[in-house]
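Note that this note's numbering has the sequence shown beginning at 611, numbered continuously upward.
For each residue, glycine too, the CB sits at the ideal point set by N, CA and C.
Please read all numbers here as calculations on a predicted model, not as lab measurements.
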Amino acid sequence: MVLPALAAVALGLVWLLSLAATQVRVVDAARETARAVARDDAAGSATALGRRVAPDGSRITVREDGDTVVVRVRTEVHGPGGLFGFLPGVDVRAEAVAAREPQ
């Protein structure tokens, strides 16, 4: 009786660690994309750079607002191994703002 409960708790903790790692990757993807667009790289190549860093299935949006660039990255994380499939996925998102570099 105790071992299955401990296994479930351990699996939940591993999932929380993977959730934290996903958050770091989403933040990095937003930052890298914003820096690339601020350097005046092509939007397609900047987004491709962000996709290399972001988790699979992430959505990257780029908005240019005057002298600043705003990049948002979103992804959804589901529980490990289908054991927590009854729970809704966790929406992980990040936003990065960068000032355009002078030409």
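### Message
Which residue marks the beginning of the alpha helix (DSSP H) containing Asp638, and which one marks its end?
### Response
Position 28 of the sequence shown, counted from the start, is the residue given in the question as residue 638. Note, Asp638: alpha helix (DSSP H), 612-648.
### Message
If you reduce the DSSP assignment to three classes, tell me which class Arg673 lands in.
### Response
Counted from its first residue, the sequence shown places residue 673 at position 63. Assigned with DSSP and collapsed to three states, Arg673 falls in strand.
### Query
Leaving out the 5 sequence neighbours to the left and right, which residues in its chain are closer than 6 Å to Ala656 when beta-carbon positions are compared?
Your numbering for residue 656 matches position 46 in the sequence shown. Result list for Ala656: Thr643, Ala646, Val647, in chain order.
### Message
Between Val707 and Thr678, how many whole angstroms is the CB-CB distance? I'm expecting something under 8 Å.
### Response
Position 97 of the sequence shown, counting from 1, holds the residue named residue 707. Position 68 of the sequence shown, counting from 1, holds the residue named residue 678. Confirmed, about 6 Å.
### Beta-ladder partner(s) of Val700, from DSSP
Within the sequence shown, residue 700 is the residue found at index 90, counting from 1. Answer by DSSP bridge pairing, in chain order: Val687.
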